[in-house]
Amino acid sequence: MDTPRLHLRKIAASDLNDFHDIWSNAEATKWSSCGPKKTLEESQSWLNGILPEKNPEGDNYAVFVRGHPHRMIGIVGVYAFRPAPEIGYTFHPDVWGQGYATEAVKAFISLYWELRPSVDAVEAKTDVENIGSIRVLSKCGFKNVEMLKDDISLPAMGLRSAYLFRIERLRKE
-17 MDTPRLHLRK
-7 IAASDLNDFH
3 DIWSNAEATK
13 WSSCGPKKTL
23 EESQSWLNGI
33 LPEKNPEGDN
43 YAVFVRGHPH
53 RMIGIVGVYA
63 FRPAPEIGYT
73 FHPDVWGQGY
83 ATEAVKAFIS
93 LYWELRPSVD
103 AVEAKTDVEN
113 IGSIRVLSKC
123 GFKNVEMLKD
133 DISLPAMGLR
143 SAYLFRIERL
153 RKE
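Going by my numbering, the sequence shown opens with residue -17, and the numbers climb by one from there.
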């Protein structure tokens, strides 16, 4: 799938080196409950869990800047389904502040509605201090529906509160 600036495609085993470049970066993974991956093997294990052939219910995409197909800048997708599909995304800090996460999340949600016609809502959790992610979700049409006290454990910061965001499919009457 292409947007004006990005190309999104299903994540693949061949993305390991770029995946590791993102997931081994402490800044990129600061807000992730998984934390940074210290070795290529740890990244391989994490990547294996989201590959389409290993996780057929998941929808995870590698994100590239159009015209630069050899460097993945981020990952966006749905990986958890309880009680609703939960979106997650991680981008390399080199590309933060350029609107790529917002563009990728908007494109992904549009595609997800097409791929999953029975799904009526997608959720996201983000730390209450993760201003960047709060902005991305808000710009993409997600609404902050609840504050979850002591809900997530971040390796770098311990037990933290999170906001639960939700976007609902617009149904034509």
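Ideal Cβ positions, reconstructed from N, Cα and C, are used throughout, including at glycine. This structure is a prediction, so every number in the text was calculated from the model and none was measured.
Item: With a threshold of 8 Å, are at least 3 pairs of Cβ atoms found where one atom belongs to the segment 113 to 131 and the other to the segment 73 to 85?; Value: yes
Item: Are ARG48 and ARG(-9) close, meaning C-beta to C-beta below 7 Å?; Value: no
Item: So for PHE134, helix, strand or coil by DSSP?; Value: The residue asked about is misnamed: residue 134 is Ile in this sequence, not Phe. Note: ILE134 maps to strand in three-state DSSP.
Item: According to the neighbour-count rule (16 or more other Cβ atoms, all chains shown, within 10 Å of its Cβ), is LYS36 buried or exposed?; Value: exposed
Item: Just tell me which of ARG142, LEU146, ALA138 has its CA closest to the CA of GLY17.; Value: ALA138
Item: For ALA106 versus ILE69, is the C-beta distance shorter than 7 Å?; Value: yes
Item: Over the uninterrupted beta strand (DSSP E) stretch that includes LYS(-8), give me the two end residues.; Value: -12 to -8
Item: Using alpha carbons as the reference points, say which of LEU136, ILE116, ARG153 lies closest to TYR145.; Value: ILE116
Item: Just to check my reading of the structure: ILE(-7) and ASN42 have Cβ atoms closer than 8 Å, yes? What is that Cβ distance to the nearest angstrom?; Value: 5 Å
Item: Could you pull out every unbroken alpha helix (DSSP H) segment of at least 4 residues lying fully inside the segment 19 to 97, listed in chain order?; Value: 22 to 32, 82 to 97
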